[in-house]
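224 is the number that numbering that gives the first Met the number 0 gives to position 225 of the sequence shown; each next residue is one higher, with no gaps. By construction, the Cβ of each residue, glycine as well, lies at the ideal position given by its N, Cα and C atoms.
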Amino acid sequence: MSDLTVEMVQRGRGPSTQEAARRLGVAREIRSAREKLTSQTGLERAFDYELLRHYAEYRAGAGLALALLAAALATAATFWIAPPVTASWALAVLVLIAINTTLSRRFLQADPATIPLARWRRRFLIGEVLQSLSWSAMIGLGATGGWTFALFGLVIASAVTTMLAATVPLAAVAALVPLALATASLAAFFREMDGLLLVTMAGGAQLFFLSLSRRLYTSTVGALRSRAEKDAVFGELEQAKANSDEARRRAEEANLAKSRFLATMSHELRTPLNAILGFSEVMKNEVFGIHTAPSYREYSNDIHDSGMHLLNLINEILDLSRIEAGRYELNEEPVQLAYVVEECRHMMGLRAKAKNQTFHGLVDDALPRLWADERALRQIVLNLLSNAVKFTPPGGAIWLKVGWTASGGQYVSVKDSGPGIPEDELGTVLSSFGRGSLAIKTAEQGSGLGLPIVKGLVELHGGQFQLSSKPREGTEVVVTLPASRVMDTMLPLDLDPQAPAPAKGALTRAA
Numbered sequence: 000m001s002d003l004t005v006e007m008v009q010r011g012r013g014p015s016t017q018e019a020a021r022r023l024g025v026a027r028e029i030r031s032a033r034e035k036l037t038s039q040t041g042l043e044r045a046f047d048y049e050l051l052r053h054y055a056e057y058r059a060g061a062g063l064a065l066a067l068l069a070a071a072l073a074t075a076a077t078f079w080i081a082p083p084v085t086a087s088w089a090l091a092v093l094v095l096i097a098i099n100t101t102l103s104r105r106f107l108q109a110d111p112a113t114i115p116l117a118r119w120r121r122r123f124l125i126g127e128v129l130q131s132l133s134w135s136a137m138i139g140l141g142a143t144g145g146w147t148f149a150l151f152g153l154v155i156a157s158a159v160t161t162m163l164a165a166t167v168p169l170a171a172v173a174a175l176v177p178l179a180l181a182t183a184s185l186a187a188f189f190r191e192m193d194g195l196l197l198v199t200m201a202g203g204a205q206l207f208f209l210s211l212s213r214r215l216y217t218s219t220v221g222a223l224r225s226r227a228e229k230d231a232v233f234g235e236l237e238q239a240k241a242n243s244d245e246a247r248r249r250a251e252e253a254n255l256a257k258s259r260f261l262a263t264m265s266h267e268l269r270t271p272l273n274a275i276l277g278f279s280e281v282m283k284n285e286v287f288g289i290h291t292a293p294s295y296r297e298y299s300n301d302i303h304d305s306g307m308h309l310l311n312l313i314n315e316i317l318d319l320s321r322i323e324a325g326r327y328e329l330n331e332e333p334v335q336l337a338y339v340v341e342e343c344r345h346m347m348g349l350r351a352k353a354k355n356q357t358f359h360g361l362v363d364d365a366l367p368r369l370w371a372d373e374r375a376l377r378q379i380v381l382n383l384l385s386n387a388v389k390f391t392p393p394g395g396a397i398w399l400k401v402g403w404t405a406s407g408g409q410y411v412s413v414k415d416s417g418p419g420i421p422e423d424e425l426g427t428v429l430s431s432f433g434r435g436s437l438a439i440k441t442a443e444q445g446s447g448l449g450l451p452i453v454k455g456l457v458e459l460h461g462g463q464f465q466l467s468s469k470p471r472e473g474t475e476v477v478v479t480l481p482a483s484r485v486m487d488t489m490l491p492l493d494l495d496p497q498a499p500a501p502a503k504g505a506l507t508r509a510a
């Protein structure tokens with residue numbers, strides 16, 4: 000009944016699991032579409048910020064390296080250019096590097112929730128263009144024969160610029176345009192074919208750097224998507240765990256309320272029921288004299304039978320509730336399974352004889368004892384035999400077997416020649432208060448708790464319950480108890496003090 004309680008809680012206090020998942024997916028898609036509509040890059044705002052953050056981190060981290068590169072190029076150019084010229088160029092480059100580095104650090108220190116992304120993107124774009132123009136001024140260092148040096152300097156600057164600005168594609172393109180124009184202008188200073196080929200190769204290298212930056216941008220966006228999906232999955236798992244904990248808490252509360260209700264109703268129902276059973280028994284036995292009307296005796300019998308049926312129903316409900324709540328305590332002791340089965344068969348013999356049914360038994364009387372709850376075993380066998388007698392037609396047969404299992408345990412098998420159970424109803428008859436179509440059509444009395452109680456008691460003993468049935472072929476129920484409950488046969492005690500001691504472990508019981 001705990002599973003039913005959880006289902007009822009979910010239905011009564013919230014949507015089903017599938018409906019909740021569908022709503023969550025729709026809400027995520029709507030939020031993503033809304034963020035894309037308000038974004039200038041076609042991505043979600045979180046992606047826009049992450050891409051700018053990557054750009055700012057790259058720029059802030061590369062400031063020192065770019066300054067050293069500019070100083071090295073300026074120093075190398077002093078071999079053919081006057082030092083004041085190279086120093087002026089290096090100073091302009093260093094100033095722009097410092098400005099871009101400062102902008103990047105300010106962006107990283109700003110609050111992500113309130114930062115204007117479009118404004119910062121324009122700032123970074125302007126900074127990239129200005130810094131590219133300063134790198135492009137390198138062509139002025141190529142005077143008096145240093146054009147090849149300037150060409151390779153522009154190629155290095157193109158590679159560095161496109162890689163650093165890869166996460167902002169527009170900035171990468173804008174930064175590469177001045178460098179590409181400066182590279183193309185060097186073709187006017189080369190008179191030989193080798194120089195023109197170098198300029199062409201440099202232009203091709205710049206296009207390759209641009210495509211490489213585009214691929215780096217795509218891989219970065221893919222990594223951001225993967226991380227966002229992972230975070231979303233983690234969030235959904237946390238939410239599902241919270242919902243599960245809440246549903247479990249509610250189910251436990253409902254289960255506790257159910258247990259209290261059953262305990263209260265058991266007391267409230269048993270008190271007047273005992274009086275009904277007692278007085279009806281006195282009336283049907285005519286203790287104070289014969290009834291003047293014969294029908295009063297029949298009424299008394301009906302009252303007593305109805306009261307007993309209600310008492311049995313109350314006991315079954317309480318037993319099933321204790322089993323499902325894990326509060327059914329087993330009073331374990333050595334039990335002879337064959338004796339319990341024979342006793343139950345004898346008790347059901349009168350009912351079977353009234354329907355002209357025949358018992359066929361195959362019971363191994365030499366089975367060792369079991370360490371089990373005798374009351375629970377008796378209830379298991381009685382419930383199985385009661386169902387077999389109830390649903391077997393008059394003149395039918397019931398087969399009862401008790402023996403060893405292949406693993407060293409013991410089993411009880413009850414098979415009848417009744418109409419059987421359709422395959423699609425096997426789960427119904429094993430559920431609480433579940434009754435098959437045959438029981439409904441024949442109006443057989445029963446609460447639908449017999450088999451669930453049997454299954455619960457068997458599982459408490461660590462055993463297995465197996466139900467197999469086919470229409471018009473009968474039904475067979477096999478209850479298996481594990482080998483760990485079978486007690487080893489003890490050797491007879493030899494009181495002769497000179498007799499050898501029994502082997503170690505011979506007097507032990509199976510673990």
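Open item on the list: Comparing C-alpha positions only, which one of Y410, V128, L312 sits nearest to T160?
Closed with: V128
TODO: Thinking Q130 and I96 are a contact (beta carbons under 8 Å), I'd like their distance in whole angstroms, please.
DONE: 7 Å
TODO: For the alpha helix (DSSP H) containing T85, list its first residue and its last residue.
DONE: 82-108
- [ ] Return the CA-CA distance between L72 and L211, expressed in angstroms with no decimal places.
- [x] 25 Å
- [ ] Please report how far the alpha carbon of L312 lies from the alpha carbon of V485, in whole angstroms.
- [x] 32 Å
TODO: Check S468 in the structure and name its three-state DSSP category.
DONE: strand
Open item on the list: Assuming Y338 is part of the alpha helix (DSSP H), what are its boundary residues?
Closed with: 336-353
Task: C-beta atoms of S299 and K283 nearer than 8 Å - done: yes
Task: Distance, G202 Cα to L107 Cα - done: 34 Å
Open item on the list: Restricting to Cα atoms, I'd like to know which of M346, F46, S157, S468 is closest to E424.
Closed with: S468
Task: Alpha carbon of I114 to alpha carbon of F46, nearest angstrom - done: 14 Å
Task: Enclosing beta strand (DSSP E) for F358 [first to last residue] - done: 357-362
Task: Inter-residue Cα distance where the pair is A173 and A227 - done: 29 Å
Task: For N382 and P481, the rounded distance between their alpha carbons - done: 20 Å
Task: Inter-residue spacing [alpha-carbon to alpha-carbon] between E472 and G402 - done: 23 Å
Open item on the list: Would P393 and K354 qualify as a contact pair, given that the criterion is a beta-carbon distance under 8 Å?
Closed with: yes
Task: Short Cβ contact (8 Å threshold) for E315 with I420 - done: no
Open item on the list: By the three-class DSSP mapping on this structure, what secondary structure does T479 have?
Closed with: strand
Task: CA-to-CA distance, Y48 to F188, given in whole angstroms - done: 44 Å
- [ ] Spatial neighbours of R214 within its chain, please: CB distance less than 7 Å, with the 5 preceding and 5 following residues excluded, ordered by chain position.
- [x] none
Task: Cβ-Cβ distance between A164 and A170 below 8 Å - done: yes
Task: Residues that DSSP places opposite I397 in a beta bridge - done: F358, D415
Task: Nearest-angstrom Cβ-Cβ length linking T166 and H53, presumed shorter than 8 Å - done: 4 Å
Task: Alpha-carbon to alpha-carbon, A239 and K229 - done: 15 Å
- [ ] Give me the Cα-Cα distance between V84 and P111, rounded to the nearest whole angstrom.
- [x] 42 Å
- [ ] Let me know the secondary structure DSSP gives V220 once reduced to three states.
- [x] helix
- [ ] Compare the Cα-Cα distances from A222 to each of L50, W370, G426, G306 and report the closest residue.
- [x] L50
Task: Cβ-based neighbour list, T100, same chain, cut-off 8 Å, excluding 5 preceding and 5 following - done: R58, A59, G62
TODO: Assign Y410 to one of three DSSP states: helix, strand, or coil.
DONE: strand
Open item on the list: For a test of the three-state rule: what should DSSP assign to D487, helix, strand or coil?
Closed with: coil
Open item on the list: On the criterion of 16 or more Cβ atoms from any shown chain inside 10 Å, does L490 qualify as buried, or is it exposed?
Closed with: With a pLDDT of 49 at L490, under the threshold of 50, the modelled position of this residue cannot be trusted; read the value that follows with caution. Classification for L490: exposed.
- [ ] Would you tell me roughly how many angstroms separate the C-alpha atoms of L466 and G234, rounded to the nearest one?
- [x] 43 Å
Open item on the list: Assuming contact is defined by CB atoms lying nearer than 8 Å, are L153 and A76 in contact in what I supplied?
Closed with: no
Open item on the list: Given a cut-off of 8 Å on the beta-carbon distance, is the pair V286 and I379 in contact?
Closed with: no
Task: Neighbourhood of S406 by C-beta, 7 Å cutoff - its chain only, sequence neighbours within 5 removed - done: A482
- [ ] Determine, using beta carbons only, whether C343 and L384 come nearer to each other than 8 Å.
- [x] yes
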